[in-house]
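Take a look at the structure set out below.
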Amino acid sequence: MASGQQGPTLKVPLPKSPATTLLRSFREFAGLEASSGLLLIAATLAAMIWANSPVSGTYFELWRETTLTLGPPGHELSLSLVAWVNDLLMALFFLLVGLEIKREILAGELASARKAAMPIVAAAGGMLFPGLLYAVLHVGEPTLRGWGVPVATDIAFALGVLTLVGRSTPSSLKIFLASLAIADDIGALLVIALFYTEGLRLGALLIAAGLIGILILINGLGFKSPIPYLLIGAAVWFFVHESGVHATIAGVAVAMTIPARASVAGREFVNVSREALNQFEARLDRADPIMTDGTLLSAVDAVGDACRKVTPPLQRLEQSLHPWVAFAIVPVFALANAGVLIGGSVGDLLIGRVSIGVVLGLVIGKPVGIVLASWVAVHTGVAALPSGATWRHIVGVGCLGGIGFTMSLFIANLAFLEPAVLDSAKLGVLGASLLSGILGWVILARK
Numbered sequence: 000m001a002s003g004q005q006g007p008t009l010k011v012p013l014p015k016s017p018a019t020t021l022l023r024s025f026r027e028f029a030g031l032e033a034s035s036g037l038l039l040i041a042a043t044l045a046a047m048i049w050a051n052s053p054v055s056g057t058y059f060e061l062w063r064e065t066t067l068t069l070g071p072p073g074h075e076l077s078l079s080l081v082a083w084v085n086d087l088l089m090a091l092f093f094l095l096v097g098l099e100i101k102r103e104i105l106a107g108e109l110a111s112a113r114k115a116a117m118p119i120v121a122a123a124g125g126m127l128f129p130g131l132l133y134a135v136l137h138v139g140e141p142t143l144r145g146w147g148v149p150v151a152t153d154i155a156f157a158l159g160v161l162t163l164v165g166r167s168t169p170s171s172l173k174i175f176l177a178s179l180a181i182a183d184d185i186g187a188l189l190v191i192a193l194f195y196t197e198g199l200r201l202g203a204l205l206i207a208a209g210l211i212g213i214l215i216l217i218n219g220l221g222f223k224s225p226i227p228y229l230l231i232g233a234a235v236w237f238f239v240h241e242s243g244v245h246a247t248i249a250g251v252a253v254a255m256t257i258p259a260r261a262s263v264a265g266r267e268f269v270n271v272s273r274e275a276l277n278q279f280e281a282r283l284d285r286a287d288p289i290m291t292d293g294t295l296l297s298a299v300d301a302v303g304d305a306c307r308k309v310t311p312p313l314q315r316l317e318q319s320l321h322p323w324v325a326f327a328i329v330p331v332f333a334l335a336n337a338g339v340l341i342g343g344s345v346g347d348l349l350i351g352r353v354s355i356g357v358v359l360g361l362v363i364g365k366p367v368g369i370v371l372a373s374w375v376a377v378h379t380g381v382a383a384l385p386s387g388a389t390w391r392h393i394v395g396v397g398c399l400g401g402i403g404f405t406m407s408l409f410i411a412n413l414a415f416l417e418p419a420v421l422d423s424a425k426l427g428v429l430g431a432s433l434l435s436g437i438l439g440w441v442i443l444a445r446k
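The opening residue of the sequence shown carries number 0 in numbering that gives the first Met the number 0; numbering runs sequentially from there.
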């Protein structure tokens, strides 16, 4: 997931102890952008090993055949575990994607036409060429439906590889890649909504739209707590699911209604915090511990309350969701979806037209589309290269754009119902993502 630009981090030092040392190690691991990618790789390998082990039957029995029923009486939903992961948990993933998109549009790299031009044009080229390459191989075939599989970029993996390259790349390249991936996510969401929605039920969709209207209304009325948005958002998810539109789109729709303005202004935050800190400092010499000193406790509460109110609800929710999505939801998605039973048919899966189309789209179509679109944008004066970047850097980023993984696997599940074809698509995504990551790393690591 993309993250906003951050300044220097100020932290309160903790006394050294075995517990704080252990917790610090976990926090440092979680703070690394490569960490979520490493966990994703581990989950993928675990799924592949499990699905092809002597107990492979337990993998498919658990994820594909085990049914879980949730919901109020008369409106229950009975779905397999993998369907719950793909429809419900991934809705939270898309909620986070929507929050990031809204932040970038309001105050980030997509906030102005000049700043947004380069990543948007590059993302468009990076989606058009892979889709065309795949489509050329599948014209007139039922598998043409999979053209959307190679159009997406996995930002967690791509940024993880870019981080592993180290300091040999300009910092502006990370911003460009993150912005490109955000623009790519917008395109992928449109692809899902427009081309992978079947059997539309207008009544349920109208109810979902009405609930979104209520969310917009309470935003306008000044409600800042995320609780009503999430509660009504759960109902939006249900009716979107019932409408035939893929339920994860509800996550993005709800994200667009989350307030992006803070409850208090910066000056008010400074005044309240300074007064509370002055009260705290004035009583530091007293013998009473903080647990029994009401003034100290009130001062701490005032600072905490001011910090919450000066941070926009959108940003608070994004910060709260990010670790859950990166370190729980996406790895579980990989574990549930990446288990491809290859056995003796690995050759058929690898040389199948679906796999070949996906690999060509991601490994060749992505970098060609990104680089060509970027070249046109720069040479027509629409945009400029990121500060300090060369065309070698853009080629490297184009290769990293071929790491489709999460979104590509997600679209593959929507595009193909036949297990053999779906497995072929998944194997193509996994292989292409690995090749793209290696190519991008090699190009960008060169001095």
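Glycine included, every Cβ here is placed at the ideal spot set by N, Cα and C.
Whole-angstrom C-beta distance between residue j and residue i, which should lie under 8 Å
i	j	result
Leu38	Phe326	6 Å
Thr256	Tyr228	6 Å
Thr43	Ala337	4 Å
Phe279	Ala298	4 Å
Phe92	Ile328	6 Å
Ala414	Gly186	With 8 Å as the limit, Ala414 and Gly186 do not qualify as a contact, their Cβ atoms being about 16 Å apart.
Val448	Ala372	Missing from the structure shown is residue 448; the chain here goes from 0 to 446 and no further.
Residue i, DSSP secondary structure in three states
i	result
Trp69	Looking at the sequence shown, residue 69 is not Trp but Leu. Correct three-state label for Leu69: strand.
Leu76	strand
Arg102	helix
Val339	coil
Ser52	coil
His245	coil
Tyr58	helix
Ser386	coil
Met255	coil
Asp304	helix
Leu361	helix
Leu109	coil
Leu276	helix
Glu197	coil
Thr152	coil
Glu140	coil
Thr310	coil
Phe28	In this predicted model, Phe28 has a pLDDT of only 40, less than 50, meaning its place in the structure is not dependable enough to derive any value.
Arg282	coil
Arg23	Caution is warranted here: a pLDDT of 49 is assigned to Arg23, below 50, making its placement in the model unreliable, and the coordinate value is therefore given only provisionally. Helix, per DSSP.
Close beta carbons around residue i, own chain, < 7 Å, minus the five adjacent residues each side
i	result
Gly243	Thr196, Glu197, Gly198, Leu199 and Arg200
Ile217	Pro227
Val362	Gly401, Ala431, Leu434 and Ser435
Ile442	Arg391, Val394, Gly395 and Cys398
Pro312	Lys223, Pro225, Ile257 and Pro258
Span of the alpha helix (DSSP H) around residue i
i	result
Ile217	Leu201 to Gly219
Ser354	Arg352 to Val358
Asp456	Outside the shown range of the chain (0 to 446) lies residue 456, about which nothing can therefore be said.
Val367	Lys365 to His378
Leu136	Ala112 to His137
Lys223	Careful: Lys223 lies outside any alpha helix (DSSP H) and carries neither H nor E.
Met406	Phe404 to Ala414
Phe326	Segment: none, Phe326 is in no alpha helix (DSSP H) and carries neither H nor E.
Leu176	Ser170 to Phe194
Val84	Val84 -> no alpha helix (DSSP H), and no H or E assigned at all.
Leu88	Run containing Leu88: none; DSSP gives neither H nor E here.
Proximity winner among the options, relative to residue i (alpha-carbon distances)
i	options	result
Leu61	Val331, Phe156, Val138 and Ala388	Val331
Val120	Lys365, Arg391 and Arg352	Lys365
Ile154	Val269, Ile410, Lys223 and Ile402	Ile402
Val160	Leu131, Trp146 and Ala177	Ala177
Asn51	Gly397, Ile341 and Ala419	Ile341
Gly368	Ala46, Leu95 and Leu131	Leu131
Pro418	Ile40, Ser35, Ile48 and Phe59	Phe59
Arg273	Asp292, Gly293 and Asp300	Asp300
Val377	Met406, Ala116 and Leu434	Ala116
Val269	Glu103, Leu230, Val302 and Asp183	Val302
Leu63	Leu438, Ile437, Gly439 and Leu416	One point to set straight first is that residue 63 is Arg, not Leu, in the sequence displayed. If we check each option's Cα against that of Arg63, Leu416 comes out closest.
Ile230	Cys306, Ile211 and Leu188	In the sequence on display, residue 230 carries Leu and not Ile. Ranking the options by Cα distance to Leu230, first place goes to Ile211.
Ala233	Thr152, Leu67 and Leu94	Leu94
Ala123	Pro71, Thr162 and Val375	Val375
Arg266	Cys306, Asp284, Ile289 and Gly293	Cys306
Cβ neighbours of residue i in the same chain (closer than 8 Å, five flanking residues each side left out)
i	result
Gly97	Gly250, Val251, Ala252, Val253, Ala254 and Met255
Leu408	Phe332, Ala333, Asn336, Ala337, Lys425 and Val428
Ile169	Looking at the sequence shown, residue 169 is not Ile but Pro. Correct list, in chain order: Pro385, Ser386, Gly387, Ala388 and His392.
Leu21	Only weak support exists for where Leu21 lies, its pLDDT of 40 falling under 50; the value from the coordinates is given anyway. So the list is empty, once near-sequence residues are dropped.
Asn412	Asn85, Asn336 and Leu421
Close Cβ partners of residue i (< 6 Å) along its chain, the five nearest in sequence each way excluded
i	result
Gly351	Ser423
Thr379	none
Glu241	Ala203
Ser262	Lys223 and Lys308
Check: residue i C-beta below 7 Å from any heavy atom of the ligand PLP
i	result
Leu176	Among the ligands in the structure shown, none appear at all, so the ligand PLP cannot be discussed.
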